[in-house]
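Only one structure is covered here, and it is reproduced in the block below.
In this note's numbering, the protein residues as written are 137 to 449.
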């Protein structure tokens, strides 16, 4: 064999060896990916506050599930929905209206519903549903919603399911409002003035001060506010049921991990666990109960369909 031939043979062997080494390396040098669960928490408070309070939950879930757990606080409810939709979160603690959107647009699933202490009429009960009420001053001449055409109304927020969505749906049911050209209902088609005051207490004060003729009060407000408002006003209409908060999971979550997550949250149905959830879910949290999307959200889905209203928050 000539020196030139020998050199070409050695070079060829070296090239083949290099190619084989490169092909093998990704499979031998890369460590196995560690399983991870990202839990999104609704941004009802300052994100830094939520993250601080969520440290206990993060440690608890990581220990129970045997995987790394990250608690993520998006900047908006819409971001929670998007996180579930695109797989950047596998589970979320959500309000009912955003949860309904997540189920519809992201294929997410409700697995647990919050049981809370609420008022239903004059009874203080534990439940996954509650109601809201149209109220007027006791000396008001108005006895039904129909009487208030052309009058002024106050609502706590345009993204409140109990304070706006369900009341608008009730007006549609009563034939007082309707969707035009497939759009959303507009309360200004019935009331002369519509105010969004930022909360139930603010609307109640506006009513009692005579600045508006009607407002809405919900059974999930503080016990003190509900009792004060309902003892000093008169109810002319009611709507509901309205679902509580929920634990929602991604459609792609591994079934075994999903069940382990559900069991972990159910095991928080203790005094200490409930206190932790009151810091992350709602101040009136009592415990978790198993529910499906249909069981928990069917009434809310109907209100959305009746009104065409969109959650923008």
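Virtual Cβ for every residue (Gly too), placed ideally from N, Cα, C.
Please read these numbers as outputs of a predicted model, since none were measured by experiment.
query                                                                                                                                                                          : result
If you drop the 5 nearest sequence neighbours on each side, which residues of the same chain put their C-beta closer than 8 Å to that of residue 261?                          : 253, 254 and 255
Kindly indicate which residue of 306, 270, 233 and 187 has the alpha-carbon position closest to the one of residue 290.                                                        : 270
Can you list, in chain order, the residues of its chain with a C-beta nearer than 6 Å to that of residue 201? Leave out the 5 residues immediately preceding and following it. : 396
If you draw a straight line from the C-alpha of residue 329 to the C-alpha of residue 441, how long is it?                                                                     : 25 Å
For residue 430, which residues from the same chain have a beta carbon less than 6 Å from its beta carbon, with the 5 sequence-adjacent residues on both sides left out?       : none
Whole angstroms is fine: what's the gap from residue 362's alpha carbon to residue 257's?                                                                                      : 10 Å
Rounded to the nearest angstrom, what separates residue 197 and residue 357 at their Cα positions?                                                                             : 30 Å
Between 213, 445 and 409, which lies nearest to residue 319 when the distance is taken from Cα to Cα?                                                                          : 445
Going by the CB atoms, is the gap between residue 352 and residue 299 shorter than 8 Å?                                                                                        : yes
Residues bridged to residue 375 by DSSP?                                                                                                                                       : 268
Would you please state the rounded distance, in angstroms, between the beta carbons of residue 178 and residue 216? I believe it to be under 8 Å.                              : 6 Å
Output the distance between the C-alpha atoms of residue 437 and residue 212, rounded to the nearest integer angstrom.                                                         : 21 Å
Specify, as a first and last residue, the run of the alpha helix (DSSP H) that residue 201 falls within.                                                                       : 183-201
Nearest to residue 203 by CA position, among 264, 428 and 194, is which residue?                                                                                               : 194
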